[in-house]
Structures are given as C-alpha cells and as structure tokens.
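Take the sequence shown: its position 10, counting from 1, is numbered 51 in the numbering used here, and each next residue is one higher.
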Amino acid sequence: MSTRQEQMEAFGRLLDVMDELREKCPWDKKQTNESLRSNTIEETYELCDALIRDDNESIKKELGDLLLHIVFYSKIGEEKGAFDIKDVCTALCDKLIYRHPHVFGEEVAENSKKVEQSWEQLKLKEKGGNKTVLEGVPASLPSVVKAQRIQDKARNVGFDWEDREQVWDKVHEELNELKDEINVMSAQGMEDEFGDLMFSLINAARLYKVDPDNALEKTNQKFIRRFNYLEQQTIARGRSLKEMDLEEMDAIWNEAKRKGL
42 MSTRQEQMEA FGRLLDVMDE LREKCPWDKK QTNESLRSNT IEETYELCDA
92 LIRDDNESIK KELGDLLLHI VFYSKIGEEK GAFDIKDVCT ALCDKLIYRH
142 PHVFGEEVAE NSKKVEQSWE QLKLKEKGGN KTVLEGVPAS LPSVVKAQRI
192 QDKARNVGFD WEDREQVWDK VHEELNELKD EINVMSAQGM EDEFGDLMFS
242 LINAARLYKV DPDNALEKTN QKFIRRFNYL EQQTIARGRS LKEMDLEEMD
292 AIWNEAKRKG L
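This is the structure we're talking about:
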C-alpha cells in the first residue's frame, strides 16, 4: 500500500487536474452545483451497487468518481469566495474530533451504542447543529433509508423497545389494520396502513441488525436472475411467457432456485 506522503501527493495531483479542467475544458467550465447534482446522486448509487457486490475494483472506481464531485463542488465554492477544499477538510476534522470525545478527549465509551448516543447528543449541542432530534434526516433520502435514519435517531435518545421481540406485536398489529382496510377497499386507508406496516418491518430489521435496503436490493437482484432464467428457458423452448400458464412458469422458476440463481 502507499505511504501517507504518496497519498497526499495523489490528492494534490487531483486538485491540480481539477484546476486545469475548470480552466480549459468547455464542459467542466460551465458546470454548476445544480447541473452536477443529478450526476452526484447517480454516482452515489453506482458506489452502492459496487458495495453490495463487494467488487473492490468497482468500489475503487466509484469512490474516485464521487471524490471528483467533492473536489468539483469545492472548486465552485472557491470561485464564489465561499469556501475551498481546505475549509471542507478542516470543518470535517473539527466535527469528527468534537463528536469523538472518547477518542480525542477524556470521555469513555464502552460500546458502539454509547458512541451513537453521544454523537446525537453532541449534534444537538454544537453551534449550527440540529435543533431537534430528527432535523438532521435529509428530506430527499429514499423512503427506506429515511425510515432507518429516523428510527436510529429516535433510538439514540432512548425512544425504543425495551425488548426487540416486542416489535413483532407491532408488525402483526399493522398487518391486521392493513387487512381491515383491504376488506373495505379504502384506497387511502390501504396506503396509510401499508406504510405503517413497512415502517414497522424496517424497525424490526433494525432491531435484528438487518439492513432493509441491502436486503431488499439483494432480493431484487435474485428476482432478476431467476426471471431472466425463466425468460431464457421459455425462449429456448420456442415459446413466450404470455403463452405459458403460471404452473409452467413456477416449474422453471423452481428450477432456477435449485440451480442457486
């Protein structure tokens, strides 16, 4: 692996390249915070895909793409006279030191849960920090991830089940309420209760240390693999899916499962 000096030189080279691009490339010159925003979101999801696959080569590439955006936004901030990459790094280091008194100060944290609780409490105290517990949850987060963050923040101030097994009573309660709304075919009621059921299932996942977003994405990928197999086998037999009944499709689907797809 590289030395710290080599790492610093590589980062300095990136800053130099960014300066050149901003000055001489017609595309880079015209970019703004708003024009880059959608690309940043896309790059973040591409990194997430690589992380789920545990593909180190792709992780390295996608981290580079995301780092480019961080340097790009910092360059735009520098041109506006608002901040530069030094200010970004300094603010981050100051925040990390302040929020880790058990590392850089005299406090003691026995476990990771204590660290998380201390983190949230310090965020409420710091200048310019969150004024309320849930203020720090970005409104634009995807719903599943947002539910996780809301529940994590509530837990860190003590709002949580005493025993994790209690969550299943809530799950069953929400499921029954959804069934009641389905029985009367209330569109608004079904939507409300389906949301409550999903929120309670995400809560259960948190309590049992399962990442619901990762779990759902892995199921998505599994479904894609099996459905692709079903479609390929159907074509190989000279037929189309529309010509097959559910029993025939289930037989091929189960074949895909036996193959470990």
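For each residue, glycine too, the CB sits at the ideal point set by N, CA and C.
Query raised in the report: What did DSSP end up calling Glu289 once you bin it into helix, strand or coil?
Result: Counting from one through the sequence shown, the residue named residue 289 turns up at place 248. Residue state, collapsed to three classes: helix.
Report task. Check each candidate in Asp221, Arg63, Met59, Ser159 and name the one with the smallest Cα separation from Lys194. Result -> Stepping through the sequence shown from its first residue, residue 194 is reached at position 153. Among Asp221, Arg63, Met59, Ser159, the Cα nearest to that of Lys194 is on Ser159.
Query raised in the report: With a CB to CB cut of under 7 angstroms and the five nearest residues on each side skipped, what residues in its chain are close to Ser281?
Result: To locate residue 281, count along the sequence shown from 1; it is residue 240. Hits under 7 angstroms: Thr275.
Report task. Grab the span of the alpha helix (DSSP H) containing Phe268 for me, first residue to last. Result -> The residue given as residue 268 occupies position 227 in the sequence shown. Residues 253-277.
Query raised in the report: From Phe113, Val178, Cys134, pick the residue whose C-alpha is nearest to that of Leu55; which is it?
Result: For this step, residue 55 is matched to residue 14 along the sequence shown. When each option's Cα is compared against that of Leu55, the closest is Phe113.
Query raised in the report: When we look at the beta-carbon of Ile138 and count the other beta-carbons within 10 Å, is it buried (16 or more) or exposed?
Result: On the sequence shown, residue 138 is found 97 positions in, with the first residue counted as 1. When all chains shown are included, Ile138 counts as exposed.
Query - Separation of Ser184 from Arg267, as counted between CA atoms - result: Position 226 of the sequence shown holds residue 267. Position 143 of the sequence shown holds residue 184. Answer to the nearest angstrom: the Cα atoms are 26 angstroms apart.
Query raised in the report: So what's Asp201 in DSSP terms, helix, strand or just coil?
Result: Looking up residue 201 in the sequence shown gives position 160. Residue state, collapsed to three classes: coil.
Query raised in the report: Pro67 by DSSP, collapsed to three states: which one?
Result: Stepping through the sequence shown from its first residue, residue 67 is reached at position 26. Helix at Pro67.
Query raised in the report: Using the beta-carbon count (16 or more within 10 Å), is Arg247 buried or exposed?
Result: Here residue 247 corresponds to residue number 206 of the sequence shown, with the count starting at 1. Buried is the call here.
Query raised in the report: Which of the three DSSP states, helix, strand or coil, is assigned to Leu182?
Result: Counting from one through the sequence shown, the residue named residue 182 turns up at place 141. Three-state result, Leu182: coil.
Requested in this report: Report yes if the C-beta of Gly230 is less than 8 angstroms from at least one heavy atom of the ligand GDP; otherwise report no.
Outcome: This structure simply doesn't include the ligand GDP, nor any ligand for that matter.
Query raised in the report: Beta carbon of Leu257, beta carbon of Leu238: below 9 angstroms?
Result: Against the sequence shown, residue 257 aligns to sequence position 216. Against the sequence shown, residue 238 aligns to sequence position 197. The answer is no: Cβ separation not under 9 angstroms.
Requested in this report: Grab me the residues of Val186's own chain with a C-beta within less than 6 angstroms of its C-beta, minus the 5 sequence neighbours each way, in chain order.
Outcome: Here residue 186 refers to the residue found at position 145 when the sequence shown is read from its first residue. The answer, listed in chain order, is Asp254.
Report task. Just confirm the distance between the C-beta atoms of Lys243 and Gln162, as a whole number of angstroms; I'd bet it's less than 8 angstroms. Result -> Position 202 of the sequence shown holds residue 243. Position 121 of the sequence shown holds residue 162. Checking the sequence, you will find Ile at residue 243 rather than Lys. Incorrect: roughly 24 angstroms between the Cβ atoms, too far for contact.
Report task. Could you pull the start and end residues of the alpha helix (DSSP H) that Lys127 belongs to? Result -> As a working note, residue 127 is residue 86 in the sequence shown. Run containing Lys127: 126-139, per the alpha helix (DSSP H) assignment.
Query raised in the report: By Cβ distance, which residues of its chain are closer than 7 angstroms to Ile126, with the 5 residues on each side in sequence left out?
Result: Numbered from 1 along the sequence shown, position 85 holds the residue referred to as residue 126. Around Ile126: Leu56, Val112, Ser115.
Requested in this report: To the nearest angstrom, report how far apart Lys263 and Tyr270 are at their CA atoms.
Outcome: What you label residue 263 is simply residue 222 of the sequence shown in a count that begins at 1. What you label residue 270 is simply residue 229 of the sequence shown in a count that begins at 1. If I take the Cα positions, the gap works out to 11 angstroms.
**Report entry** Closest Cα partner of Glu214 within the set Ser227, Arg205, Ala228, Glu234
**Finding:** Position 173 of the sequence shown holds residue 214. Cα-wise, what sits closest to Glu214 is Glu234.
Query - CB-CB length for Val156 against Val174, believed under 8 angstroms - result: Here residue 156 corresponds to residue number 115 of the sequence shown, with the count starting at 1. Here residue 174 corresponds to residue number 133 of the sequence shown, with the count starting at 1. Not a contact, Cβ separation roughly 17 angstroms.
Requested in this report: Enumerate in chain order the residues of its own chain whose CB-to-CB distance from Phe240 is below 6 angstroms, with the five nearest sequence positions on each side excluded.
Outcome: On the sequence shown, position 199 is the one that residue 240 refers to. The residues are Ala188.
Requested in this report: Grab the span of the alpha helix (DSSP H) containing Asn224 for me, first residue to last.
Outcome: Your numbering for residue 224 matches position 183 in the sequence shown. Taken as a continuous stretch (DSSP letters only), the alpha helix (DSSP H) holding Asn224 covers 208-224.
Query raised in the report: Cα separation between Ser76 and Gly122?
Result: Numbered from 1 along the sequence shown, position 35 holds the residue referred to as residue 76. Numbered from 1 along the sequence shown, position 81 holds the residue referred to as residue 122. Straight-line Cα distance between these residues: approximately 19 angstroms.
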